[in-house]
Amino acid sequence: MKIIDVKPRVAQILTSKKRTWSKKLWIGLLSVVLLSGVGTTVSFFTDLEFSPGNIFAAVLLDFDLEGTPWLPASDAADLDPGDEISRNVDVVDDDSTEFSYKVKPEMTGGDAPFCGALNVRANLEGSEVYSGNLLAFESSPVQFGSAGDNWTFSVTVPSAFGSSTCVFDFVFQAWQSTPFIFPGGFWDVERIGNVISTQEVCREFEIRSRGYWKNHEEDWILPQTVGVILISTPEEAEDMLNAHADMTDKLERELLALKFNASSTPGIASSLVPDEDIIISELIAEADALLIADFPDPDPVPNQQLKDMKDRVEKVNNAKKVSPCENPPPPDDDCDDEDDEDDRDHHGHEGYGGSTSLTAGGGGDHGDGDDDHDGDSCRCENRLRVTRVEAGGTVMIMTGDACAEAEVENVVNTSVTEISGGGEGNVIVENNNNAVVENEINVEANTGGNSAESLESPPAPEAPPDEPSPVD
49 MKIIDVKPRV AQILTSKKRT WSKKLWIGLL SVVLLSGVGT TVSFFTDLEF SPGNIFAAVL
109 LDFDLEGTPW LPASDAADLD PGDEISRNVD VVDDDSTEFS YKVKPEMTGG DAPFCGALNV
169 RANLEGSEVY SGNLLAFESS PVQFGSAGDN WTFSVTVPSA FGSSTCVFDF VFQAWQSTPF
229 IFPGGFWDVE RIGNVISTQE VCREFEIRSR GYWKNHEEDW ILPQTVGVIL ISTPEEAEDM
289 LNAHADMTDK LERELLALKF NASSTPGIAS SLVPDEDIII SELIAEADAL LIADFPDPDP
349 VPNQQLKDMK DRVEKVNNAK KVSPCENPPP PDDDCDDEDD EDDRDHHGHE GYGGSTSLTA
409 GGGGDHGDGD DDHDGDSCRC ENRLRVTRVE AGGTVMIMTG DACAEAEVEN VVNTSVTEIS
469 GGGEGNVIVE NNNNAVVENE INVEANTGGN SAESLESPPA PEAPPDEPSP VD
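Using the working numbering, the first residue of the sequence shown is number 49, and each one after it goes up by one.
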């Protein structure tokens, strides 16, 4: 039987347990040390440097606007087609850093249709940078000049408006040159206000007859297109104004005169056609369309239709004044006498034997004289008188304005007067004169509404033969 010794094994187990407890003890002590160091900062290396004389400051970006009033001031308060008002705006630096800017208008009040119709011409230092609709204007970026910048703005309105107002600002947005994207970096905005108005006033525009345009070539505005015909030279215009071969010619010459009126006086094209519900520019378009339709050969437009259109156009040319208002002021007195109501157009005379004379005074605004354009309410300085010489004296048939153009061609055939005498101072004069005057008179007259009939006179009794008469 073998006896096994177990003591060494037991001793080994006991030794292993002692080592395990020793490790645990050391781990515990280390944990206590580590935990006791939490929350404590320890710096082992330090340094400190000092740099004197440093200044930190913000730069300045600031500018001002200095503007003049709109001139002429009366037009700024009542802007009409053809008027132009202007003002200057200076951009002034206020010890600022270098900057760029742009300018644009901004409507702040008033009537949008009126504001939207305004046009502006913008000049920078005398050079045009924009011309067009006011509210569509926005300048390109401008680098501010060292001596300041000068802007000039000129505003017009293309058509007539009623009582309207436009309130707007010119807005100048500035930013420092770097960065250059507004509003990056330092920036500034300045505004300058504007008020432009038009009044509800019934205005009248003077309009001139074809007779005026025939004799005032210096006022023609060429080229003009009449139907399909381009009138580009004075010779062509003169030919058309004097043409009268057929009704087409007569319509063309009146239409050319009306186009001269519309192009020479802003406001006429947008004025009403007398006694019609359309404006003159629409009548011009109708007349052009009729002439275009009449162009093929043979003429497809009836003669009466051409005449009706000619009469409408001619009526406008002879109206003296037109207006865009529905109820224009009463017409002027047309230079008639103060007793207009007593001057009948026709006088009831039973006998018509005798002669008729037509006389006119000197030139007036609508005649062949000087055109003073002085704005007088009545510009007809001539007098037109038609009289008849009868046995009882001279009687008046018609009076009216001498806004007339008369072309008279006279042919006079007169025999030679024979004179004989002698001797002792007695002279016998034998008259054998037969004078025949052939008059061809073409008169274009605006007589203030007066008119006269052409009446045939009975033949005058034959005069007795001339008797020789002694002359002492």
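Beta carbons are placed, not taken as given, at the ideal position from N, Cα and C, and that holds for glycine. Model, not experiment: these values are computed from the prediction.
- Separation of residue 281 and residue 306 (C-alpha to C-alpha, rounded to the nearest whole angstrom) is 17 angstroms.
- By the neighbour-count definition (other C-beta atoms within 10 Å, threshold 16), residue 273 is an exposed residue.
- The Cβ atoms of residue 240 and residue 218 lie closer than 8 angstroms to each other.
- Exclusion of the five residues before and after residue 355 leaves 295 as the residues of its chain whose Cβ lies within less than 7 angstroms of its Cβ.
- In the displayed model, residue 291 falls within coil according to three-state DSSP, outside both helix and strand.
- Residue 169 is bridged by DSSP to 179, 202.
- Secondary structure note for residue 338: its alpha helix (DSSP H) is the uninterrupted segment 328-341.
- Between the stretch 152-162 and the stretch 178-186, the count of C-beta pairs closer than 8 angstroms reaches three or more; the two stretches touch.
- Note that the C-beta distance between residue 207 and residue 129 is below 8 angstroms.
- In the structure shown, the three-state DSSP call for residue 369 is strand.
- Three or more beta-carbon pairs drawn from the stretch 357-367 and the stretch 299-313 are found closer than 8 angstroms, and the two stretches are therefore classed as touching.
- Looking from the CA of residue 266, the closest CA among 308, 279, 253 belongs to 308.
- Per DSSP, residue 207 is not a residue of any alpha helix (DSSP H), being assigned neither H nor E.
- Classified as buried, residue 238 has 16 or more neighbouring CB atoms from the shown chains inside 10 Å of its CB.
- A distance below 6 angstroms between beta-carbons, with the five flanking residues on each side excluded, links residue 192 to the following residues of its chain, in chain order: 147.
- Here DSSP, grouped into helix, strand and coil, assigns residue 321 to coil.
- When beta bridges are read from the DSSP output, residue 250 appears opposite no residue.
- Going by beta carbons, residue 163 and residue 216 fall inside the 8 angstroms limit.
- Cβ contact annotation for residue 188 (same chain, cutoff 8 angstroms, sequence separation greater than five): 150, 177, in chain order.
- Leaving aside the five residues that flank residue 140 on each side, the residues in its chain whose CB is nearer than 8 angstroms to its CB run, in chain order, 111, 112, 113, 114, 196.
- For residue 123, the enclosing alpha helix (DSSP H) has its first and last residue at 121-125.
- By DSSP's assignment, residue 134 forms a beta bridge with 119, 202.
- In this chain, the alpha helix (DSSP H) harbouring residue 259 covers 258-262.
- Per DSSP, residue 146 lies in no beta strand (DSSP E) segment and is marked neither H nor E.
- Per DSSP, residue 270 is not a residue of any beta strand (DSSP E), being assigned neither H nor E.
- In the same chain as residue 212, and ignoring 5 residues on each side of it, the C-beta atoms closer than 6 angstroms to its own belong to 159, 162, 246, in chain order.
- In this structure residue 175 is exposed. Its beta-carbon is surrounded by fewer than 16 other beta-carbon atoms within 10 angstroms.
- Counting along the chain, residue 255 sits inside no beta strand (DSSP E), nor does DSSP assign it H or E at all.
- Annotated three-state conformation of residue 195 is coil, per DSSP.
- Distance between residue 372 and residue 255, taken at the CA atoms: about 13 angstroms.
- Cβ contact annotation for residue 118 (same chain, cutoff 8 angstroms, sequence separation greater than five): 124, 133, 134, 135, 203, 242, 244, in chain order.
- When DSSP reads this structure, residue 190 sits in a beta bridge with 149.
- If you draw a straight line from the Cα of residue 251 to the Cα of residue 315, it comes to about 9 angstroms.
- In the structure shown, the three-state DSSP call for residue 276 is coil.
- DSSP links residue 222 through a beta bridge to 149, 236.
- In the three-state reduction of the DSSP assignment, residue 217 falls in the strand class.
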